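Heads up: the protein sequence lines correspond to chains A and B, in order.
Just so we're aligned, residue 1 is where the first sequence starts under the UniProt record's numbering, counting upward by one.
Just so we're aligned, residue 1 is where the second sequence starts under the UniProt record's numbering, counting upward by one.
Ideal placement from N, C-alpha and C gives every residue a C-beta, glycine not left out.
Source: prediction; values computed, not measured.
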Amino acid sequence: MADVVFNTMGTTVSLHSLTELAEPDVLAVREAFARLDRQFSLYRADSEASRIARGERRLTASTSEFREAYARAIEWRELTMGAFTPHRPDGVIDLSGIVKAMAITAAGDELRGRGYDDWILNAGGDILVAGNAADSLWLAGIVDPADRAALLCSVPLIAPWQALATSGTAERGEHVWRTSTAAEFVQVTVLAATIEEADVLATAILSAGCTLRDDVLDCRDVDVITVDREGQITASQRVSRHSTLVSA
Amino acid sequence: MRKRAVYASILSSAAVLAVGWQIGTMGTAQTSVVAATTASDPATTPPSTSGSNGATAEAPSDTTTTDTPTTPPDTTTTAPATAATDGTYTGASASTRFGNVQVQITVAGGQLTEVTALQLTDSDGKSVQISNRAAPVLREEALTAQSAAIQTVSGATYTSEAYITSLQSALDQAGL
Numbered sequence: 001m002a003d004v005v006f007n008t009m010g011t012t013v014s015l016h017s018l019t020e021l022a023e024p025d026v027l028a029v030r031e032a033f034a035r036l037d038r039q040f041s042l043y044r045a046d047s048e049a050s051r052i053a054r055g056e057r058r059l060t061a062s063t064s065e066f067r068e069a070y071a072r073a074i075e076w077r078e079l080t081m082g083a084f085t086p087h088r089p090d091g092v093i094d095l096s097g098i099v100k101a102m103a104i105t106a107a108g109d110e111l112r113g114r115g116y117d118d119w120i121l122n123a124g125g126d127i128l129v130a131g132n133a134a135d136s137l138w139l140a141g142i143v144d145p146a147d148r149a150a151l152l153c154s155v156p157l158i159a160p161w162q163a164l165a166t167s168g169t170a171e172r173g174e175h176v177w178r179t180s181t182a183a184e185f186v187q188v189t190v191l192a193a194t195i196e197e198a199d200v201l202a203t204a205i206l207s208a209g210c211t212l213r214d215d216v217l218d219c220r221d222v223d224v225i226t227v228d229r230e231g232q233i234t235a236s237q238r239v240s241r242h243s244t245l246v247s248a
Numbered sequence: 001m002r003k004r005a006v007y008a009s010i011l012s013s014a015a016v017l018a019v020g021w022q023i024g025t026m027g028t029a030q031t032s033v034v035a036a037t038t039a040s041d042p043a044t045t046p047p048s049t050s051g052s053n054g055a056t057a058e059a060p061s062d063t064t065t066t067d068t069p070t071t072p073p074d075t076t077t078t079a080p081a082t083a084a085t086d087g088t089y090t091g092a093s094a095s096t097r098f099g100n101v102q103v104q105i106t107v108a109g110g111q112l113t114e115v116t117a118l119q120l121t122d123s124d125g126k127s128v129q130i131s132n133r134a135a136p137v138l139r140e141e142a143l144t145a146q147s148a149a150i151q152t153v154s155g156a157t158y159t160s161e162a163y164i165t166s167l168q169s170a171l172d173q174a175g176l
């Protein structure tokens, strides 16, 4: 079994490994997603997140996992100048912005710990890879927001930048709370060393626009590809050298 | 009091010396920490430097990194050993009490035109790229990307229902 597809967290996970995946190892990967979903999903009435949202449990009485995730989300809020936030407008703590990334990271740790060196984990369009493809680097296509059956470009996942996340308005509607009224980008892709950094920054840049994109590129070791409302594309210099995008 | 002032001046001279030393050895620096040049691209050979000539500069960083992973490594260019070649050169990082400092020089027309000190440690202590600013790119004919041998697809988060009609689903069905 080299390919596994399963549904979790409201989306679909695709796992591909160069070596055969043993059944217990696939179960461990699935459990990494299921465990975090059980704890953090606001769609589950019995999750810890829902109990805290309803006021049945105080944050100070929450599990250390919950508080650690919340602390990291607050840290991301500071680093993105509020563009990423773990608080819904109604004040409820919503960690869904980092929970999927936490699950992908945990699943990746399971795979590494179980001796798998070359694999791709794709959860709803967020990607973490390890090692290489059979005879090349792993190559990811990035969807064209104007035509989701077409690709904008392809990007090699070169270590240490082996995580790729895309945020956009195309699939789930305007699910991102915009902190900028300009709403200039319709899709933002971030290539980073960890999926949490890629995912959070993609969400934050989609929300806040080009000023945050430029700040992020100035001080963090990541790459960014954006598409604006007019269909104009920008890419950071390093990724445009490696991708199939052509310099303007 | 006086002792402290002396210590302070020694420390600051040491910092200046460390930076100066970096400028002096920049030519042979093979340990450039510029992220782009150390991208562990297995298809790209590291820039070779001339061992005999200390003044030889490493190839400009943007030349060594234009290789796409599929390009044969023999297109990597090395600066000639005789004259300074135009371009931007980055020295190795030096540790100072202010953090990691690195120097970048620009050579134009065979002359040194600019020296910039770069602070290359971000809040996490990770080294960062000098300039990785976003620039406009053209939408290449989609066919090029479509025909590339991609193994996975990134897009805005899709639901389990939308997955069925996604490109990722097509890839999964094709067994890559």
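For this session: Apply the 10 Å Cβ neighbour rule to A/Glu196 and answer buried if 16 or more other Cβ atoms are within range, or exposed otherwise.
Result: buried
Problem set entry | Nearest residue (CA-CA) to B/Ile164, options A/Asp199, A/Ser236, A/His16 and A/Arg148 | A/Arg148
For this session: Could you give the DSSP three-state label for A/Trp76: helix, strand or coil?
Result: helix
For this session: Would you verify that the beta carbon of A/Asp118 is, or is not, closer than 8 Å to some beta carbon of chain B?
Result: no
Problem set entry | Delimiting residues of the alpha helix (DSSP H) encompassing A/Ile205 | Ile195 to Ala208
For this session: Quick one: measure Cβ to Cβ for A/Ser14 and B/Gln151, integer angstroms, because I've assumed they're closer than 8 Å.
Result: Actually they do not touch by this definition, with Cβ atoms about 10 Å apart.
Problem set entry | Sufficient close CB pairs (3 or more, under 8 Å) joining the region 183-190 of chain A to the region 209-227 of chain A | Touching, per the Cβ criterion.
For this session: Can you pull the chain B residues whose beta carbon is under 9 Å from the beta carbon of A/Ser236, in chain order?
Result: Gln129, Asn132, Arg133, Ala134 and Ala135
For this session: Return the CA-CA distance between A/Asp221 and A/Glu56, expressed in angstroms with no decimal places.
Result: 41 Å
Exercise. Mind checking if A/Ser96 is an interface residue toward chain B, Cβ cutoff 8 Å exclusive?
Worked result: no
Exercise. To the nearest angstrom, how far is it from the Cα of A/Tyr70 to the Cα of A/Val200?
Worked result: 13 Å
Problem set entry | Segment contact, 8 Å Cβ cut-off, at least three pairs: the region 89-97 of chain A with the region 42-58 of chain A | yes
Problem set entry | A/Asp25: first and last residue of the uninterrupted alpha helix (DSSP H) it sits in | From DSSP, the alpha helix (DSSP H) with A/Asp25 extends over Glu23 to Phe40.
Exercise. Mind checking whether A/Leu154 and A/Ser41 have CB atoms under 8 Å apart?
Worked result: The sequence given here places Ser at residue 154 of chain A; Leu does not occur at that position. No. Outside cutoff.
Exercise. With which residues is B/Thr152 paired in a DSSP beta bridge?
Worked result: A/Ala140
For this session: Below 6 Å CB to CB, which residues in the same chain sit around A/Gly125 once its five sequence neighbours on both sides are set aside?
Result: Thr166
Problem set entry | A/Leu217 versus B/Ala156, B/Leu171, B/Ala134 and B/Gly175, residue with shortest Cα-Cα distance | B/Ala134
Problem set entry | Buried or exposed by the 16-neighbour rule on C-beta atoms within 10 Å, applied to A/Glu20 | Exposed.
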